[in-house]
Every structure is written in structure tokens, then in C-alpha cells.
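**Q** Sharing a structure with you now.
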Amino acid sequence: MLVSAKEMLTKARAGHYAVGQFNINNLEWTKAILLTAQENNSPVILGVSEGAAKYMTGYKTVAAMVKAMIEELNITVPVALHLDHGSYEGALKAMEAGFSSIMFDGSHYPIDENIAKTKEMVRLTSEKGLSLEAEVGSIGGEEDGVVGAGEIADPNECKAIADLGVTMLAAGIGNIHGKYPENWQGLNFEALEKINQATGEMPLVLHGGTGIPEDMIKKAISLGVSKINVNTECQLAFQEATRKYIEEGKDLQGKGFDPRKLLNPGFEAIKATVKEKMELFGSINKA
Ligand code: 13P
Numbered sequence: 006m007l008v009s010a011k012e013m014l015t016k017a018r019a020g021h022y023a024v025g026q027f028n029i030n031n032l033e034w035t036k037a038i039l040l041t042a043q044e045n046n047s048p049v050i051l052g053v054s055e056g057a058a059k060y061m062t063g064y065k066t067v068a069a070m071v072k073a074m075i076e077e078l079n080i081t082v083p084v085a086l087h088l089d090h091g092s093y094e095g096a097l098k099a100m101e102a103g104f105s106s107i108m109f110d111g112s113h114y115p116i117d118e119n120i121a122k123t124k125e126m127v128r129l130t131s132e133k134g135l136s137l138e139a140e141v142g143s144i145g146g147e148e149d150g151v152v153g154a155g156e157i158a159d160p161n162e163c164k165a166i167a168d169l170g171v172t173m174l175a176a177g178i179g180n181i182h183g184k185y186p187e188n189w190q191g192l193n194f195e196a197l198e199k200i201n202q203a204t205g206e207m208p209l210v211l212h213g214g215t216g217i218p219e220d221m222i223k224k225a226i227s228l229g230v231s232k233i234n235v236n237t238e239c240q241l242a243f244q245e246a247t248r249k250y251i252e253e254g255k256d257l258q259g260k261g262f263d264p265r266k267l268l269n270p271g272f273e274a275i276k277a278t279v280k281e282k283m284e285l286f287g288s289i290n291k292a
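Residue numbers 6 to 292, in this note's numbering, belong to the letters of the sequence shown in order.
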């Protein structure tokens, strides 16, 4: 069932768990994540960066694939199709194509401009009944060419954006896209606590879910994080399983070169990673 992310996140916030956003790249990713959500009776958010949408030939292709797959696979758990780190133009295109949820990332603008543009997005998304994620204080690291310096969000700025009526808020608290460096200081819980207090019941979003230790994930959920984004970890799982298959020479045995066989270990590895995260985030049996 393709839905906005509003209800699933309101329930997650009230129930003290988080819904996973898993980014998709192609058919295998989408199928693996949808099936795992259904098997575990968990709500799920499919994240699509602008780069990934372009790779899959455009927002329309992605929306059509996801809608058709939900129907063909009889997926009954709530699924949101969410634009990840959208620009203003990207958000308009994704809405038009049928995405059910939008992230407008205005964190690189001065706060007044971020507020003005996010306000306009609130108007556009609410007209269509879509959920909206905004961002304050950038996420560090690089994702699909989008580079963030990793600033800690200001709680007053978070409140100003939350008060516009967004569905969920991503706030920088020392989190980074991609692998965490050896000397990473960890999540800034003092900042998260202040942001949580300033924004009331707003579901908070933790980007850069790859490689955050379990205890930090649990603490973040206890402080209002209701959505956690995971991208790199599924890529690494897919890569490791595919490498193993080829290094063991399985592609050279029988019809091991058949793409359906060649891509299967990576597909299963994504499923296992997604299940592990759903268990950690507490979203199993919450559909
Ligand atoms: P990771 O790639 O670090 O898991 O981050 C995912 C993310 O935040 C998507 O926006």
C-alpha cells in the first residue's frame, strides 16, 4: 500500500520505535526491501536520491515501478516512496510523478531562505496529501554528489521549521553519510535533546544510519528519532555478497552467469541487512 509517511511516523514517535528509510537503486533493491517489509509486517520508506532517480531514468519510472511492484507482490504493509535530499525543482518533479513523500533539503540556504522555501513546500505537499521532510544543520559526508559540512542544528531554527507544519525534521547532530571515520565523535545527544524539547512531538529523522552503534541508535530513538535512513550499508552488503560469488567462481559454473543467479546473493544480503535494521529500529509487527 503506497501511503504518505505521516501516519507511520506519528505511530512510531508515540510507540518509541523508528521506521527505516532504505534507499533504492534498481529493481533488486526495491524488491528486496518491499518483500522484507511484508515478511516482517513492518512499515517502510523507500528513499530515492536525485542521483538514483536519474540512474533509474527518472521519477516517473521509479514511481511506476514501485506502484506496480506493490500490486504484483501483494504488499499490504504501509510503504512511502520518498524523495531523499530533494532540491526545489526535484521535489516538484517527484510530486508530479506520484511520489508519496518528499524531502526538501534547504539546509544549505541561509535559514530565512530555508524557511521561505520549506513553507512553500508545506503548501504544495499538503495540497496533495503528501508528507514532507525538512532539514536544518547539514548532514556531514557525501551522498550522490550532495556534500554536507556536518553542522549541528540550532534548536531555535529547528523549531521555526517544525512550526511551519512539516511532517518530519532532519537535524544535523554529528551524523555523516557513508562510513564513519575512525575519529568520529559520535552523535551529539545534548543537541538532540534540545532539538527534541524545542520541536515537541515532531518525528525527528536520523540520516547516515550506516555504522551507527546499536546503543546510539536506541538512545536516539528514546530522544524522538522516528525515522532512520540507511543507504551505504545495503550497498556494502550487496557488494560483499556479489564479490564472494564471483571470487568463488560461481559465475563460471553451469548457468551461474545468468543475471538472476549472479544478482541473487546481493539481493539476499540486502534482505538480511534490512531485516536486521528493522529489528534494531523496533518496527517489526508495527504495520
Ligand atoms: P548512509 O548512506 O550513511 O546510510 O546514509 C543514508 C542517508 O542518510 C540517506 O539520506
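Here a beta-carbon is modelled for each residue, glycine too, at the ideal position from N, C-alpha and C.
Taking 7 Å as the cut-off, decide whether the C-beta atoms of M173 and P83 are in contact.
**A** The residue given as residue 173 occupies position 168 in the sequence shown. The residue given as residue 83 occupies position 78 in the sequence shown. No, the Cβ-Cβ distance between M173 and P83 is not below 7 Å.
**Q** Roughly how far, in whole angstroms, is the beta-carbon of L228 from the beta-carbon of E198, given that I think they are within contact range, below 8 Å?
**A** Position 223 of the sequence shown holds residue 228. Position 193 of the sequence shown holds residue 198. The Cβ separation is near 6 Å, so the contact holds.
**Q** For the beta strand (DSSP E) holding F109, just list the boundary residues, first then last.
**A** The residue you call residue 109 lines up with position 104 of the sequence shown. It spans S106 to F109 - the beta strand (DSSP E) in which F109 sits, taken as one unbroken run.
**Q** Using the rule of at least 16 other Cβ atoms within 10 Å of the residue's Cβ for burial, across every protein chain shown, is T62 buried or exposed?
**A** Translated into the one-based positions of the sequence shown, residue 62 becomes position 57. Exposed, because fewer than 16 other Cβ atoms sit within 10 Å of the Cβ of T62.
**Q** Can you check whether the CB of I181 is closer than 7 Å to the CB of G145?
**A** Taking the first residue of the sequence shown as position 1, residue 145 is located at position 140. Taking the first residue of the sequence shown as position 1, residue 181 is located at position 176. Going by C-beta atoms, G145 is nearer than 7 Å to I181.
**Q** For H113, which of A167, A139, V171 and W189 has the nearest alpha-carbon?
**A** What you label residue 113 is simply residue 108 of the sequence shown in a count that begins at 1. Closest by alpha carbon: A139.
**Q** With DSSP as the reference, label N79 as helix, strand or coil.
**A** The residue given as residue 79 occupies position 74 in the sequence shown. Residue state, collapsed to three classes: coil.
**Q** Taking 8 Å as the cut-off, does the stretch 248 to 262 touch the stretch 208 to 217 (at least 3 CB pairs, one atom from each stretch)?
**A** Contact fails: fewer than three Cβ-Cβ distances are below 8 Å.
**Q** So, is Q26 buried or exposed, given that buried needs 16 or more other C-beta atoms within 10 angstroms?
**A** Here residue 26 corresponds to residue number 21 of the sequence shown, with the count starting at 1. The residue is buried, with at least 16 neighbouring Cβ atoms inside 10 Å.
**Q** Measure the Cβ-Cβ separation of K164 and A203 and say whether it is below 7 Å.
**A** Within the sequence shown, numbered from 1, the residue matching residue 164 stands at position 159. Within the sequence shown, numbered from 1, the residue matching residue 203 stands at position 198. A contact, by the Cβ cut-off of 7 Å.
**Q** Do the CB positions of F104 and M126 come within less than 7 Å of each other?
**A** For the purposes of this step, residue 104 is identified with residue 99 of the sequence shown, where counting begins at 1. For the purposes of this step, residue 126 is identified with residue 121 of the sequence shown, where counting begins at 1. Not a contact, by the Cβ cut-off of 7 Å.
**Q** I need the DSSP call for L32, collapsed to helix, strand or coil.
**A** Mapped onto the sequence shown, residue 32 falls at position 27. If DSSP states are grouped into helix, strand and coil, L32 belongs with the helices.
**Q** Rounding to the nearest angstrom, what Cα-Cα distance links S288 and Y93 in this structure?
**A** Here residue 288 refers to the residue found at position 283 when the sequence shown is read from its first residue. Here residue 93 refers to the residue found at position 88 when the sequence shown is read from its first residue. In a straight line, the C-alpha of S288 is about 31 Å away from that of Y93.
**Q** Classify T35: buried if its beta carbon has 16 or more other beta carbons within 10 angstroms, exposed otherwise.
**A** Counting from one through the sequence shown, the residue named residue 35 turns up at place 30. By the 10 Å Cβ count, T35 comes out buried.
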